[in-house]
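**Student:** Submitted below is the structure of interest, expressed as structure tokens.
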Amino acid sequence: MFGIPRLVFLVPVLLGGLTLAACTTPPPQSRFPEITFKHLSPIRLDVRDIVVRDEYKAPGVPPNVEHLFPVRPAVAAMAWGHDRLVATGTGRTLRYIVRDARAIEVPLETKSGITGAVTVDQSERYELRIAVELQIVGTDGRTEASVNAQVERSITVPEDSKLSEREKIWFKLTEDAMKELDAQLEKTIKSVFFQYVLL
76 MFGIPRLVFL VPVLLGGLTL AACTTPPPQS RFPEITFKHL SPIRLDVRDI VVRDEYKAPG
136 VPPNVEHLFP VRPAVAAMAW GHDRLVATGT GRTLRYIVRD ARAIEVPLET KSGITGAVTV
196 DQSERYELRI AVELQIVGTD GRTEASVNAQ VERSITVPED SKLSEREKIW FKLTEDAMKE
256 LDAQLEKTIK SVFFQYVLL
């Protein structure tokens with residue numbers, strides 16, 4: 076006598092569970108490789124510890140768009156510190172600090188009317204800035220030496236570009252900026268921190 080009502084109750088519950096599962100399935104995302112520097116020769120420093128820290132706070136709202144990048148600039152900048160810097164000394168600490176890793180979307184003027192209908196304009200410009208600071212801190216807590224490095228790059232995109240195309244552009248923008256930062260940091264460290272660099 077109670078079998079039928081129980082069955083009737085179970086069916087809506089099961090259907091509700093299937094509906095919930097369908098709603099919570101994440102949309103497919105593009106796959107991009109990590110930006111790493113493990114394939115490059117390490118920079119060995121006469122320090123005991125290396126502290127890699129991200130002090131850039133992404134706003135997460137327009138005009139900032141770095142949080143939408145497939146590889147966030149701050150993550151790529153942090154990877155450089157982890158991958159290339161090696162502690163081989165017995166004293167001192169090296170602090171590697173990401174100060175800035177912003178990407179800004181700047182709207183561009185596009186044509187309207189008949190001309191706009193038959194042409195494809197560049198509709199946005201993306202401006203990327205990555206800045207890092209390195210500090211050599213003695214055992215007494217005082218900063219013995221410091222260097223700063225930064226790169227700025229920008230690129231425009233056509234108004235008909237899809238999100239997947241923009242993600243590729245953002246990834247390339249970050250990758251190119253990090254290649255430039257890598258070259259700048261290696262040169263600066265070996266010249267300014269020469270007394271702390273071990274061959």
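Using my numbering, the final residue of the sequence shown is 274, and nothing's skipped along the way. Cβ atoms here follow ideal geometry from the backbone N, Cα and C, with glycine treated the same way. As the structure is a computational prediction, the values presented were derived from the model and not from experiment.
#1: Could you tell me the alpha carbon to alpha carbon distance between residue 238 and residue 206, rounded to whole angstroms?
#2: Under a three-way DSSP split, which group does residue 234 fall into?
#3: Would you tell me roughly how many angstroms separate the C-alpha atoms of residue 221 and residue 236, rounded to the nearest one?
#4: Mark residue 182 as exposed unless 16 or more other C-beta atoms lie within 10 angstroms of its C-beta, in which case mark it buried.
#5: Does DSSP classify residue 229 as helix, strand or coil?
#6: Which two residues bound the contiguous alpha helix (DSSP H) that contains residue 145?
#7: Out of 180, 185, 154, which has the shortest C-alpha to C-alpha gap to residue 253?
#8: Using a 10 Å radius around the Cβ and a threshold of 16 neighbouring Cβ atoms, would you call residue 134 buried or exposed?
#9: Between the beta-carbon of residue 204 and the beta-carbon of residue 231, is there less than 8 angstroms?
#10: Provide the residue(s) that pair with residue 168 in DSSP beta bridges, ordered along the chain.
#11: Tell me whether residue 141 is buried or exposed, calling it buried when 16 or more other Cβ atoms sit within 10 Å of its Cβ.
#12: Helix, strand or coil for residue 257, going by three-state DSSP, please let me know.
#13: Under 8 angstroms between the Cβ atoms of residue 163 and residue 273?
#14: Classify residue 133 as helix, strand or coil using the three-state DSSP reduction.
**Tutor:** Here's the rundown:
#1: 27 angstroms
#2: Residue 234 carries a coil assignment under DSSP once its states are collapsed to helix, strand and coil.
#3: 42 angstroms
#4: exposed
#5: The three-state secondary structure of residue 229, taken from DSSP, is strand.
#6: Counting along the chain, residue 145 falls outside any alpha helix (DSSP H), and DSSP gives it neither H nor E.
#7: Looking at the Cα atoms, 154 is the closest of the given residues.
#8: exposed
#9: no
#10: 124, 212
#11: buried
#12: helix
#13: yes
#14: coil
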